[in-house]
Structures are given as structure tokens and as C-alpha cells.
Amino acid sequence: MKKTLLATALIGIMGATLVSAATENAAVDARVESMKSEFSLNDQQASRISKILTRAATPEADKEAQKTARMEERLDKRLAHMKEKLELTDAQVAKLKTSMTEQRADMKALREQGKANMTAILTPEQATKFEAMKGDRKGGKHHRGGRGGHKKGGHGGSCDKN
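Under this note's numbering, read the sequence shown as residues 25 to 186, first letter to last.
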């Protein structure tokens with residue numbers, strides 16, 4: 025009896041998740057179609073906007089899985105390019121992939137350790153402010169000027185001509 029009830033509950037939850045995902049996709053599609061006509065977007069632009077809006081509507085766990093999948097895809101493309109240009113064997117590609125994946129994991133562990141070390145030094149109030157500072161910084165890369173800053177010649181600086 026309990027197994028049947030549990031199975032029924034799981035099926036219900038899975039069904040609700042699928043309906044929710046379908047509803048989100050329909051909303052994204054409607055939004056993209058609206059933007060497509062309003063801004064005269066071509067199909068490529070509409071596709072890129074759809075991907076962005078879909079990511080924004082995706083729960084955090086799915087976003088993390090998508091991020092991992094994108095990183096894996098970029099790694100595979102990079103390795104395919106290296107294989108072609110450097111004439112690598114399949115064994116070499118496999119070893120490189122393992123090495124690069126391990127290096128990524130090591131770097132993540134180092135970042136987490138550094139964060140833990142920083143938090144251990146700060147007071148709780150300072151740690152809260154520090155987290156808020158990091159939150160302000162996230163997604164703000166475009167505000168930092170990027171490579172070479174705003175001036176010609178790649179020396180950074182402000183946009184003001186005063």
C-alpha cells in the first residue's frame with residue numbers, strides 16, 4: 025500500500041514538473057515571438073534570445089547541470105581542435121581530457137578553500153558584507169571595461185574626455 029502511494033506521488037510530481045517545464049517553454053516561445061516581430065529579429069537572433077530566456081527560467085539545479093554541460097562541450101571542442109592541429113592520437117586526447125577535468129576540479133577546490141579561509145578570518149558582519157560585495161560583482165563583468173578598458177590603445181581608464 026505504501027509503495028503504491030509513494031509511486032503515485034512520484035508520478036504526480038514528475039507530471040507536474042513536466043507540465044511546469046512545458047508552461048515555461050511556452051511562455052519563453054511566446055515572448056521570443058513577440059520580440060521577433062517587435063524588433064524584427066532574424067531566426068538566429070531569436071534562437072539566441074530563446075536560449076537566454078530559457079536559462080533564466082530554469083531552476084538553479086538545472087542551471088548548474090547546463091553550466092557543466094556547456095563547459096564539457098567547450099572542452100570537447102577545444103580538444104577536437106587540438107587533435108586536428110597537433111595531430112593527437114585518441115589516447116592523447118583522452119589523457120588531456122582527464123588532465124583538464126582534474127585541473128578544473130582542483131581549481132574549484134582551491135577557490136572553495138580560499139573562500140573558507142577568508143570567511144574564517146572575517147567577523148560574521150564582515151562576512152555578510154563580503155557576500156553582498158560578491159553579489160554586486162556577479163554578472164557585472166561588462167561594467168569593468170574588459171580587455172584594454174574603454175580608451176583606444178588598451179590602457180583602460182575612463183570614458184570621459186575631460
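Here a beta-carbon is modelled for each residue, glycine too, at the ideal position from N, C-alpha and C.
Contact fails between the segment 66-75 and the segment 83-94, because fewer than three Cβ pairs, one in each stretch, are under 8 Å apart. Between the segment 113-130 and the segment 87-101 there are three or more C-beta pairs closer than 8 Å, enough to call the two in contact. Per DSSP, residue 136 is one residue of the alpha helix (DSSP H) stretching across 114-145. The beta carbons of residue 52 and residue 78 sit closer together than 8 Å. It is roughly 14 Å from the alpha-carbon of residue 138 to the alpha-carbon of residue 129.
Straight across, the Cα-Cα distance linking residue 104 with residue 92 is about 18 Å.
Residue nearest to residue 76 within the set 55, 64, 111, 62 is 55 (criterion: CA-CA distance).
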